[in-house]
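Below: one structure, written as structure tokens.
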């Protein structure tokens, strides 16, 4: 089965706290891609990062960092020193099956950053 | 700048009516996708297309249809709208030139079926 699980439905933090959003995936494919998207209150979906299954290096982009661990089938997203503007719904997605280009989305995690 | 647009942005209709949601992209992407977003379900794939004249069913295709007559457009039709189809609908596209290309999303259409 191919599946993405975001067990955290909603997280609330106070501004400047660090927060980690969890993403666990299931696939039998050896080649696949993982993504994170942000959906701010305005509703659009914004691409954040792509990672392929052969690249387990962690990635850092400003206050954002991602930890990809194939051993635990996880692709977690950490926001350091959170800000109110980080308040959004965050989706993790899996693109398995080489040649299909389809995504399987998790159910999303709503992050509320309180001032 | 290239973009993907959806129209209308908001639509209220009645049960049983046929509704068509438009999606237009200027990226010249081969792949186009329709999703619906519902609380507790994330985004679920309705239909997708890899090119002109190609259409495929996704996870939740019942009650929906699409057609692809050109590269730029993938309209989504609800043949006979049902209250269960009240949702936010997103169109997306990706180039398909390489594996793992990210999908670009339109702004969404909020559909209410009364």
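Chains as they are written, first to last, in the working numbering: chain A, 1 to 115; chain B, 1 to 114.
Beta carbons: idealized from backbone N, C-alpha and C, even for Gly.
Close-in-space but distant-in-sequence residues of the same chain around residue i (CB under 6 Å, 5 per side omitted)
i	result
residue 10 of chain B	110
residue 93 of chain A	35, 103 and 105
residue 51 of chain B	30
Sub-8 Å separation of residue i and residue j beta-carbons
i	j	result
residue 76 of chain B	residue 66 of chain B	yes
residue 49 of chain B	residue 74 of chain B	yes
residue 15 of chain A	residue 82 of chain A	yes
residue 95 of chain A	residue 80 of chain A	no
residue 58 of chain A	residue 47 of chain A	no
residue 104 of chain B	residue 27 of chain B	yes
Endpoints, beta strand (DSSP E) assigned at residue i
i	result
residue 64 of chain A	64-69
residue 28 of chain A	No beta strand (DSSP E) contains residue 28 of chain A, which DSSP labels as neither H nor E.
residue 95 of chain A	88-95
residue 103 of chain B	Note, residue 103 of chain B: premise wrong, no beta strand (DSSP E); not H, not E.
residue 65 of chain B	64-66
Residue i - DSSP class collapsed to helix/strand/coil
i	result
residue 37 of chain B	strand
residue 55 of chain A	coil
residue 1 of chain B	coil
residue 73 of chain B	strand
residue 52 of chain B	coil
residue 8 of chain A	coil
residue 39 of chain A	strand
Contact set for residue i: own chain, Cβ-Cβ below 7 Å, skip 5 residues either direction
i	result
residue 8 of chain B	109
residue 7 of chain A	22
Close Cβ partners of residue i (< 8 Å) along its chain, the five nearest in sequence each way excluded
i	result
residue 86 of chain B	111, 112 and 113
residue 74 of chain A	22, 23, 24, 25, 67 and 68
Would you call the region 46-58 of chain B in contact with the region 7-27 of chain B, where contact means no fewer than 3 C-beta pairs closer than 8 Å? no
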